[in-house]
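Protein chains in written order, with my numbering: chain C, 113 to 471; chain G, 113 to 471.
Note that CB positions come from ideal geometry on N, CA and C, so glycine has one too.
2 protein chains.
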Amino acid sequence: MIISASGWMKKRIEAVINGKKVTLRDVANRLGVNTSTVSRALNPKLKSMITAEKVAQIEKIAEELGYVQNVMAYALKTGSSQTIGVIIPDLMNPVYPPILKGILNVLNAESYIPIIAYCENSIDMALAEIKKMESRQVDGLILSSAFREDKSVEYCIKQKLPSVTVGRALDSHKVDQIVIDNAAGIKLALSHLVSLGHRKIAHISGPQLISDGYQRYRAFKQEMITFGLSLDEELIVFADAFNEEGGTVAANELLSRGKSFTAVIAGNDLIALACISVLEKAGLACPQDVSVIGYNNMPYLDQFKTPLTTIGIPRMEMGVMAAEAILERLKNPEAPMKDLVCQPVLLQRKSTAVVRKSD
Amino acid sequence: MIISASGWMKKRIEAVINGKKVTLRDVANRLGVNTSTVSRALNPKLKSMITAEKVAQIEKIAEELGYVQNVMAYALKTGSSQTIGVIIPDLMNPVYPPILKGILNVLNAESYIPIIAYCENSIDMALAEIKKMESRQVDGLILSSAFREDKSVEYCIKQKLPSVTVGRALDSHKVDQIVIDNAAGIKLALSHLVSLGHRKIAHISGPQLISDGYQRYRAFKQEMITFGLSLDEELIVFADAFNEEGGTVAANELLSRGKSFTAVIAGNDLIALACISVLEKAGLACPQDVSVIGYNNMPYLDQFKTPLTTIGIPRMEMGVMAAEAILERLKNPEAPMKDLVCQPVLLQRKSTAVVRKSD
DNA sequence: TGGTCTAATTCAATCCGTTTTATAGGGAGG
DNA sequence: CCTCCCTATAAAACGGATTGAATTAGACCA
Numbered sequence: 113m114i115i116s117a118s119g120w121m122k123k124r125i126e127a128v129i130n131g132k133k134v135t136l137r138d139v140a141n142r143l144g145v146n147t148s149t150v151s152r153a154l155n156p157k158l159k160s161m162i163t164a165e166k167v168a169q170i171e172k173i174a175e176e177l178g179y180v181q182n183v184m185a186y187a188l189k190t191g192s193s194q195t196i197g198v199i200i201p202d203l204m205n206p207v208y209p210p211i212l213k214g215i216l217n218v219l220n221a222e223s224y225i226p227i228i229a230y231c232e233n234s235i236d237m238a239l240a241e242i243k244k245m246e247s248r249q250v251d252g253l254i255l256s257s258a259f260r261e262d263k264s265v266e267y268c269i270k271q272k273l274p275s276v277t278v279g280r281a282l283d284s285h286k287v288d289q290i291v292i293d294n295a296a297g298i299k300l301a302l303s304h305l306v307s308l309g310h311r312k313i314a315h316i317s318g319p320q321l322i323s324d325g326y327q328r329y330r331a332f333k334q335e336m337i338t339f340g341l342s343l344d345e346e347l348i349v350f351a352d353a354f355n356e357e358g359g360t361v362a363a364n365e366l367l368s369r370g371k372s373f374t375a376v377i378a379g380n381d382l383i384a385l386a387c388i389s390v391l392e393k394a395g396l397a398c399p400q401d402v403s404v405i406g407y408n409n410m411p412y413l414d415q416f417k418t419p420l421t422t423i424g425i426p427r428m429e430m431g432v433m434a435a436e437a438i439l440e441r442l443k444n445p446e447a448p449m450k451d452l453v454c455q456p457v458l459l460q461r462k463s464t465a466v467v468r469k470s471d
Numbered sequence: 113m114i115i116s117a118s119g120w121m122k123k124r125i126e127a128v129i130n131g132k133k134v135t136l137r138d139v140a141n142r143l144g145v146n147t148s149t150v151s152r153a154l155n156p157k158l159k160s161m162i163t164a165e166k167v168a169q170i171e172k173i174a175e176e177l178g179y180v181q182n183v184m185a186y187a188l189k190t191g192s193s194q195t196i197g198v199i200i201p202d203l204m205n206p207v208y209p210p211i212l213k214g215i216l217n218v219l220n221a222e223s224y225i226p227i228i229a230y231c232e233n234s235i236d237m238a239l240a241e242i243k244k245m246e247s248r249q250v251d252g253l254i255l256s257s258a259f260r261e262d263k264s265v266e267y268c269i270k271q272k273l274p275s276v277t278v279g280r281a282l283d284s285h286k287v288d289q290i291v292i293d294n295a296a297g298i299k300l301a302l303s304h305l306v307s308l309g310h311r312k313i314a315h316i317s318g319p320q321l322i323s324d325g326y327q328r329y330r331a332f333k334q335e336m337i338t339f340g341l342s343l344d345e346e347l348i349v350f351a352d353a354f355n356e357e358g359g360t361v362a363a364n365e366l367l368s369r370g371k372s373f374t375a376v377i378a379g380n381d382l383i384a385l386a387c388i389s390v391l392e393k394a395g396l397a398c399p400q401d402v403s404v405i406g407y408n409n410m411p412y413l414d415q416f417k418t419p420l421t422t423i424g425i426p427r428m429e430m431g432v433m434a435a436e437a438i439l440e441r442l443k444n445p446e447a448p449m450k451d452l453v454c455q456p457v458l459l460q461r462k463s464t465a466v467v468r469k470s471d
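Okay, here's the thing in structure tokens:
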């Protein structure tokens, strides 16, 4: 098919056979123009500097040769890798996929790409991942891994890596944050329970070093008083992680204290699910004997054996907001830091019921 | 703290204030050595060429200045970005997080990083994502998005982008593939159902353009005959996607045909779940009236209202295998293509029961 | 002691694929 | 003929890896 393959063309064919990529230079040579001309012709913003005819030629040849821009070279030259790092504490927690989806959707639209890592809820691991991402010149970071005090995000600040958190907040408010109004959520839960006649309400809290755990705990104590209920510290236990193992241990701890209660507000859905299992093993049915409320509204909850009443949060929207926030911060590095707060919603299902007369 | 900030140092301070990154050159200048010395000192493989004392100095200063390697520059020079692209059809399908976790774990250990994208089960979207990844110089691709015939993976082959598929297979076997032994899975399911006395068994198949859908369908027809059961084509319907919507439509179609059946094998768990809902709405209880088997063993299935009997697949292991396969292929580009097949397992729960006498 | 040879380090220059600044060419208009 | 404008070019980065050449140091021998 190739009639005369001489000079650079020969060399190029050889290169392509060896798996080399087609470069800007290749398409420039093919047309006998300068690389800068090609660069401009292929850049929508600079295209106007080149005659339409030449642009058309260049686009045709580029297509024909299968040219794709080398983003590494672009990044090296311009300092922008068009990449956003995303760090997630736990891949297995079903809360994160929707957040991820929200993030991906907006990044995609802006021709950014995410690099995703998970850190198993360890600050050290998060820091290691952040350094890897830094070395890849990420333009910014979305952290849903942050603790209330967190040296990994301190590192981002020190290195001037633009960052936002999502679903987690720093006590210091040193970065943009997409957060949930946890106090409102707890108030919703408590108000629902109170309306069902519950008064002896327990709380299985999440880790206190994580903003959601801490804020929900604080809100619980606060709102119990606001609702005029007596606050019994013995009805509050702490799970050491927002997962089923943590929930199981904590629920057993609660039961072992021997204090009676008719309802429990769990730190999140996974803890709530574990709690229901523990209660059942102890011969307590949910919701007949005790009502349980979760938090987050993870997927498929409505199809569970005991469809869980929970506090729903706009997960995908949070992802969208996080991505928009980081892009916004890139455009406007000096803007004041802000918290964007999302309102939760009560989703009433089958795990809560009117308190029994006898209680 | 800085005593005399003159020459390069002044310039550097200025640069850092402007948010510039610390470069190899910066640490070289600080010590008055050549960049190549620093490069070698920081490269584990070449470190031996430099005196231990100097290495120590360099490491100290690099740490002090907060130097991190610019992977973009490295990639540009060496042609390797230490990045693997991963394309997933659907972020919301709970099958993928464990696969992703397996992939991440091995890539991490080899200091590779994944770029993750999803394609909503569209080949065109997958192709667009692949081109984006190509432009980012990914060293290889893991595709769990592939169809039986798929121009996006044809493109990878044409562009000499090393690729492997996971959970999906091409009819052509043109790339390495991590697949499930679907015939074995269907055999397991059917054998279980037969042992419970079922003879009139329906199949809600997944999309036929996807290997899992097609192979399970083929296996179903084959095994029905092997088990000596009469194969009624009217008891086979096709869902147009491996999700709940697809399952709902297909299950309604099956019901509308008016043929009686006592069990159904679904193309995957999501379809099975949708099927159970549809059956219930039609007044048919699972498993009392009809037994249902899923495929994939997605998380939390044991806690569902009707704990689903399903065919389990080693999701995380598949991720591990996929990552190892692509890394292996990078080392050894000329090796023959191979299929790695994973064996499924029957997980018996509550959605299957002995067929009623009357049937 | 001086000279030679070798091994161990370090240096300087080049390259990777792009973008971009400054510059040159060429045609139109005055 | 001289400007001015419109295109296109040439050349210099970007940050780090590579490598042949140069320097140094050390060892050995006469």
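Check, Outcome
"Inter-residue Cα distance where the pair is G:Leu459 and G:Asn409", "8 Å"
"Alpha carbon of G:Gln320 to alpha carbon of G:Val278, nearest angstrom", "17 Å"
"Three CB pairs or more closer than 8 Å across the region 197-217 of chain G and the region 301-318 of chain C", "no"
"Separation of G:Val291 from C:Ser389, as counted between CA atoms", "35 Å"
"Cutoff 8 Å; reference C:Val432; Cβ partners in own chain excluding five residues on either side", "Gly214, Ile215, Asn217 and Val218"
"Any chain G beta carbon closer than 8 Å to C:Ile182", "Looking at the sequence shown, residue 182 of chain C is not Ile but Asn. Interface residue, yes."
"Residues of its chain near G:Ser284, where Cβ-Cβ distance is below 8 Å and the 5 sequence neighbours each way are ignored", "Glu261"
"Endpoints, beta strand (DSSP E) assigned at C:Leu459", "Val457 to Leu459"
"Residue span of the alpha helix (DSSP H) that contains G:Val306, given as start and end", "Asn294 to Ser307"
"Exposure of G:Lys396, with buried meaning 16 or more beta-carbon neighbours within 10 Å", "Here residue 396 of chain G turns out to be Leu, not Lys, going by the sequence shown. G:Leu396 is exposed by the Cβ-count criterion."
"Nearest neighbour of C:Glu345, chosen from C:Lys159, C:Asn141 and C:Ser317 [CA to CA]", "C:Ser317"
"Buried/exposed call for G:Pro156, threshold 16 Cβ in 10 Å", "exposed"
"Residues near G:Ala331 by beta carbon distance below 6 Å, same chain, minus five either side", "Asn294, Ala295 and Ile298"
"Where G:Val361 sits in the DSSP three-state scheme", "helix"
"Sufficient close CB pairs (3 or more, under 8 Å) joining the region 462-470 of chain C to the region 414-433 of chain C", "yes"
"Same chain only: Cβ atoms within 7 Å of G:Leu439, ignoring 5 sequence neighbours per side", "Glu222"
"Under 8 Å (Cβ pairs) to chain C, residues found in the region 401-414 of chain G", "Pro411 and Tyr412"
"CB-CB length for C:Val376 against C:Ile322, believed under 8 Å", "The pair is not a contact, with the Cβ atoms about 19 Å apart (cut-off 8 Å)."
"Proximal residues of chain G, C-beta to C-beta of C:Gly178 below 7 Å", "Gln271"
"8 Å Cβ cutoff, C:Ile247 in contact with chain G", "This sequence places Ser at residue 247 of chain C; Ile is not what is there. Yes, because at least one Cβ of chain G sits closer than 8 Å to the Cβ of C:Ser247."
"Alpha-carbon spacing of C:Tyr407 relative to C:His310, whole angstroms", "18 Å"
"Short Cβ contact (8 Å threshold) for C:Val145 with C:Tyr179", "no"
"Neighbour list for C:Ile227 in chain G, Cβ cutoff strictly below 9 Å", "Thr195, Ile225, Pro226, Ile227 and Ile228"
"As assigned by DSSP and simplified to three states, the class of G:Pro226", "strand"
"Test: C:Phe89 CB closer than 8 Å to a CB of chain G", "Residue 89 of chain C cannot be examined here, being either before or after the span of chain C that is shown, 113 to 471."
"Option in G:Leu343, G:Pro274 and G:Leu366 with minimal Cα separation from G:Ala394", "G:Leu366"
"Inter-residue Cα distance where the pair is C:Ile405 and G:Ala386", "26 Å"
"Assigned exposure category for C:Val467 - 16 Cβ within 10 Å defines buried", "buried"
"CB contact check: C:Met449 to chain G, cutoff 8 Å", "no"
"Beta-carbon proximity of G:Ile383 to G:Ala362, cut-off 8 Å", "yes"
"Start and end residues, beta strand (DSSP E) containing C:Val453", "Asp451 to Cys454"
"Below-8 Å beta-carbon distance, G:Leu154 vs any chain C residue", "no"
"Distance between beta carbons of C:Ala185 and C:Ile170, contact taken as under 8 Å", "The Cβ separation is near 18 Å, so there is no contact."
"Separation of G:Ser275 from G:Gln249, as counted between CA atoms", "13 Å"
"Simplified DSSP state of C:Ala378, which is helix, strand or coil", "strand"
"N-terminal and C-terminal residue of the alpha helix (DSSP H) that G:Thr338 is part of", "Ser323 to Thr338"
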